[in-house]
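Here the structure comes first, spelled out in structure tokens, and everything after it is commentary.
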Amino acid sequence: MLAVSNLTSRYGRIEVLHGISLEVRTGEVVTLVGSNGAGKSTLLRAISGVQPVSSGSIMFDEQAIGKWRPHVRVAKGIAQVPEGRQIFTPLTVDENLRLGGITRRDDGVSADLAEMYAMFPALGEFRNKTAGTLSGGQQQMLAIGRALMARPKLLLLDEPSMGLAPVLVEQIFTTIGMLKARGLTILLVEQNANAALAIADRGYVIETGRIVTTGTGKELLSDERVRNAYLGL
Amino acid sequence: MTVGAIYALVALGFTLIYNSSDVANFAQGEFVMLGGMVTFFGYAAGLPLFVAAVLAIVVAAVVGLLLYRLAIEPARRASPVTLIIITIGASIFIRGVTAIVLDKNFHSLPSFFGNEPFVIGGATLLPQSLVVMFGVSLVLIALWLFMSRTLRGKSLLATAANRTAAQLTGINTRAVTSTAFVISAAIGAIGGVLATPITLTYYDAGTLLALKGFAAAVLGGMGNPLGAVVGGLVLGLLEQFSAGYLSSQYKDAVAFIVILLVLFTMPQGLFGAKSVERV
Chain A
30 MLAVSNLTSR
40 YGRIEVLHGI
50 SLEVRTGEVV
60 TLVGSNGAGK
70 STLLRAISGV
80 QPVSSGSIMF
90 DEQAIGKWRP
100 HVRVAKGIAQ
110 VPEGRQIFTP
120 LTVDENLRLG
130 GITRRDDGVS
140 ADLAEMYAMF
150 PALGEFRNKT
160 AGTLSGGQQQ
170 MLAIGRALMA
180 RPKLLLLDEP
190 SMGLAPVLVE
200 QIFTTIGMLK
210 ARGLTILLVE
220 QNANAALAIA
230 DRGYVIETGR
240 IVTTGTGKEL
250 LSDERVRNAY
260 LGL
Chain B
9 MTVGAIYALV
19 ALGFTLIYNS
29 SDVANFAQGE
39 FVMLGGMVTF
49 FGYAAGLPLF
59 VAAVLAIVVA
69 AVVGLLLYRL
79 AIEPARRASP
89 VTLIIITIGA
99 SIFIRGVTAI
109 VLDKNFHSLP
119 SFFGNEPFVI
129 GGATLLPQSL
139 VVMFGVSLVL
149 IALWLFMSRT
159 LRGKSLLATA
169 ANRTAAQLTG
179 INTRAVTSTA
189 FVISAAIGAI
199 GGVLATPITL
209 TYYDAGTLLA
219 LKGFAAAVLG
229 GMGNPLGAVV
239 GGLVLGLLEQ
249 FSAGYLSSQY
259 KDAVAFIVIL
269 LVLFTMPQGL
279 FGAKSVERV
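Quick mapping for you: the protein sequence lines, in order, are chains A and B.
Using the numbering used here, the first residue of the first sequence is number 30, and each one after it goes up by one.
Using the numbering used here, the first residue of the second sequence is number 9, and each one after it goes up by one.
Take a look at the structure:
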């Protein structure tokens, strides 16, 4: 579904991604593990089109999407839950979700909205409150709900468990498991490598802008180097 | 109060553009000038006043769109100061073209409902002043409805709140910002149409209006639409009081004194955003 090859990207003169190649197949959950500043978020931003790419290609459903503008990529099926949630704090929960479906041309938006409230009951309770008043966990649910409203084929999740209490982290991973069970294709970036690799079909380890190793979730979980570097074992 | 209402419109246009693109648009006053000037020439050419006014608003809106597409958007990544300089350059350009294509004289428009003043409780009021107030109120209501009831309005608010997140959500932020420029140019032009019967207009009228609109926006709290309106009205009143109690020669200085006082004592303005961040 998604094939990134030899992607490089830079902030000003400093190159941060040095030829990244990875692949996500339909129905897979793929996780990208790496430390702070390794380029995980940059890669997701490049896939969504909000980070300039200097060379390499991004293919989505057999089409080169490198020149598409961000909103076109969403319309074609790539939605992202950005790092730090980035919900529209002055707008209400309901408005946030409705904006999530702004690229939709079908008439299923209301039905999906009802489904989001069923999936995240806390959001239904606060539907007319401004999003900024929600707790961190609820904001993360809202960010996920907003992305799902676009009916994506591929969901990019950037650090969904960051800064949340353990019980909420568990809830987020339960949600991801549920989305996986429904057949959604997911590319997950996480610092919580343990939980991410456990849920993922495959994983990539990224270090300072390069993919250093790849394998199934299980293989990486038992890989000595990965265990030392990212699992703290 | 009439002048204040016009400042409020300019400040509102300022705020719209500032929110959606972080640009302080010092060409905002030119839209007001275009509103008045184009209406006058349309009217002089024999068009009915209303048609001439609509034409002027459309012209200003197109100029607003071109300003964004040709001058601001290509310089998207430039620093705020560079962008301000671009808008100042654009304003000089618009003024120059107006002076050449139209002319350099002062013009007025007939009042929409005659010049017979009427008296309410000892105060005399021109019918046109009421037209201004009424028109400004209508603009505010229309804008409010657009922002609070339509998905397009919401996407403008979302882009203002968080541009990157808006892009990731699938909002076409370039179209949204274009819309903001068009709306804010149209608002400015409406102000020009309404005010010209009272204040006169000429090709160079926009500069001072832009600065005063900026002062009003700063007074109200940069980025807050309600603040912009209140700031405009307050600034208009302050000017009139100073003209009445001190000297009308100092009238224009009021706006600048206001900017300085606001920046020294309460940089967030009257309704400035209280920055709350949840972690």
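Cβ coordinates follow ideal geometry from the N, Cα and C atoms, glycine included.
Delimiting residues of the beta strand (DSSP E) encompassing residue i
{"i": "His47/A", "result": "Ile43 to Val53"}
{"i": "Gly244/A", "result": "Arg239 to Thr245"}
{"i": "Asp187/A", "result": "Leu183 to Asp187"}
{"i": "Glu236/A", "result": "Arg231 to Glu236"}
{"i": "Glu286/A", "result": "As displayed, chain A neither begins before 30 nor continues past 262, which places residue 286/A out of reach and without an answer."}
Residue range of the alpha helix (DSSP H) that includes residue i
{"i": "Gln169/A", "result": "Gly165 to Leu177"}
{"i": "Val291/B", "result": "One cannot answer for residue 291/B here, as it falls past the ends of chain B, which runs 9 to 287."}
{"i": "Gln200/A", "result": "Pro195 to Ala210"}
{"i": "Asp260/B", "result": "Lys259 to Thr273"}
{"i": "Leu217/B", "result": "Gly214 to Gly228"}
{"i": "Ala151/A", "result": "Pro150 to Glu154"}
{"i": "Ser34/A", "result": "Careful: Ser34/A lies outside any alpha helix (DSSP H), inside the beta strand (DSSP E) at Leu31 to Tyr40."}
{"i": "Glu253/A", "result": "Glu253 to Tyr259"}
{"i": "Asp136/A", "result": "Asp136/A -> no alpha helix (DSSP H), and no H or E assigned at all."}
{"i": "Glu225/A", "result": "Reading off the sequence, residue 225/A comes out as Ala, not Glu. Ala222 to Ile228 is the span of the alpha helix (DSSP H), which, as asked, contains Ala225/A."}
{"i": "Ser250/B", "result": "Pro233 to Tyr253"}
{"i": "Leu123/A", "result": "For the record, residue 123/A in the displayed sequence is Asp; it is not Leu. Note, Asp123/A: alpha helix (DSSP H), Val122 to Gly129."}
{"i": "Ile93/B", "result": "Pro88 to Val109"}
Neighbourhood of residue i by C-beta, 6 Å cutoff - its chain only, sequence neighbours within 5 removed
{"i": "Ala174/B", "result": "Ala166, Thr167 and Thr181"}
{"i": "Ala224/B", "result": "Tyr15, Ala19, Gly239, Gly240 and Leu243"}
{"i": "Gly130/A", "result": "Val138 and Met178"}
{"i": "Ala218/B", "result": "Phe34, Gln36 and Gly37"}
{"i": "Phe120/B", "result": "Val139"}
{"i": "Tyr259/A", "result": "Val62 and Ala222"}
{"i": "Leu63/B", "result": "Gly50"}
{"i": "Arg133/A", "result": "none"}
{"i": "Ala75/A", "result": "Ser38 and Val82"}
{"i": "Asn65/A", "result": "none"}
{"i": "Gln15/A", "result": "Here chain A comprises residues numbered 30 to 262, so residue 15/A is not present and cannot be evaluated."}
{"i": "Gly229/B", "result": "Gly235, Gln276, Gly277, Leu278, Phe279 and Gly280"}
Exposure label - residue i; buried when at least 16 CB within 10 Å
{"i": "Gly246/A", "result": "buried"}
{"i": "Asp136/A", "result": "exposed"}
{"i": "Met41/B", "result": "buried"}
{"i": "Ala193/B", "result": "buried"}
{"i": "Phe22/B", "result": "buried"}
{"i": "Ile149/B", "result": "exposed"}
{"i": "Thr106/B", "result": "buried"}
{"i": "Thr158/B", "result": "exposed"}
{"i": "Pro125/B", "result": "exposed"}
{"i": "Glu91/A", "result": "exposed"}
{"i": "Ile265/B", "result": "exposed"}
{"i": "Ile267/B", "result": "buried"}
{"i": "Lys112/B", "result": "exposed"}
{"i": "Pro82/B", "result": "exposed"}
{"i": "Arg175/A", "result": "buried"}
{"i": "Tyr211/B", "result": "buried"}
{"i": "Glu184/A", "result": "Just to set this straight, residue 184/A is Leu in the shown sequence, not Glu. Label assigned to Leu184/A: buried."}
{"i": "Ala213/B", "result": "buried"}
{"i": "Gly199/B", "result": "buried"}
{"i": "Tyr40/A", "result": "exposed"}
{"i": "Ser186/B", "result": "buried"}
{"i": "Leu78/B", "result": "exposed"}
{"i": "Ser156/B", "result": "exposed"}
{"i": "Asn123/B", "result": "exposed"}
Other residues of its chain near residue i: CB distance less than 7 Å, five sequence neighbours each side excluded
{"i": "Asp30/B", "result": "Pro88"}
{"i": "Ile296/B", "result": "Coverage of chain B is limited to positions 9 through 287, which leaves residue 296/B absent and any answer about it impossible."}
{"i": "Arg171/B", "result": "Thr181"}
{"i": "Met170/A", "result": "Phe149, Ala151 and Leu152"}
{"i": "Asp123/A", "result": "Arg156 and Asn157"}
{"i": "Gly212/A", "result": "Gly56"}
{"i": "Leu197/A", "result": "Gly166"}
Close beta carbons around residue i, own chain, < 8 Å, minus the five adjacent residues each side
{"i": "Leu117/B", "result": "Gly44, Thr47, Phe48, Tyr51, Leu57, Val201, Thr204 and Pro205"}
{"i": "Ile92/B", "result": "Val31, Ala32 and Phe34"}
{"i": "Tyr233/A", "result": "Leu51, Val59, Thr60, Leu61, Val62, Ile240, Thr242 and Thr243"}
{"i": "Leu133/B", "result": "Pro125, Phe126 and Val127"}
Near the ligand GTP: residue i beta-carbon under 6 Å from a heavy atom
{"i": "Leu142/A", "result": "Judged by which ligands are present, the structure shown has none, so any question about the ligand GTP falls away."}
Closer than 7 Å to chain C by CB, residue i
{"i": "Asn27/B", "result": "Here the protein chains are A and B, and chain C is not one of them."}
Segment contact flag, the stretch 69-77 of chain B with the stretch 247-257 of chain B, C-beta cutoff 8 Å, min 3 pairs = no
Sufficient close CB pairs (3 or more, under 8 Å) joining the stretch 54-64 of chain B to the stretch 27-37 of chain B = no
Any chance you could list the alpha helix (DSSP H) runs of at least 4 consecutive residues sitting entirely within the stretch 58-107 of chain A, in chain order?
-> 69-77 and 99-105
Answer yes if the stretch 112-122 of chain A comes into contact with the stretch 89-103 of chain A, meaning at least three C-beta pairs across the two stretches below 8 Å, and no otherwise.
-> no
Minimum length 4: unbroken alpha helix (DSSP H) runs contained in the stretch 116-203 of chain B = 135-157, 159-169 and 171-177
Whole alpha helix (DSSP H) runs in the stretch 23-68 of chain B with 4 or more residues, listed along the chain?
-> 36-52
Could you tell me whether the stretch 186-200 of chain A touches the stretch 86-98 of chain A, where touching means 3 or more Cβ pairs closer than 8 Å?
-> no
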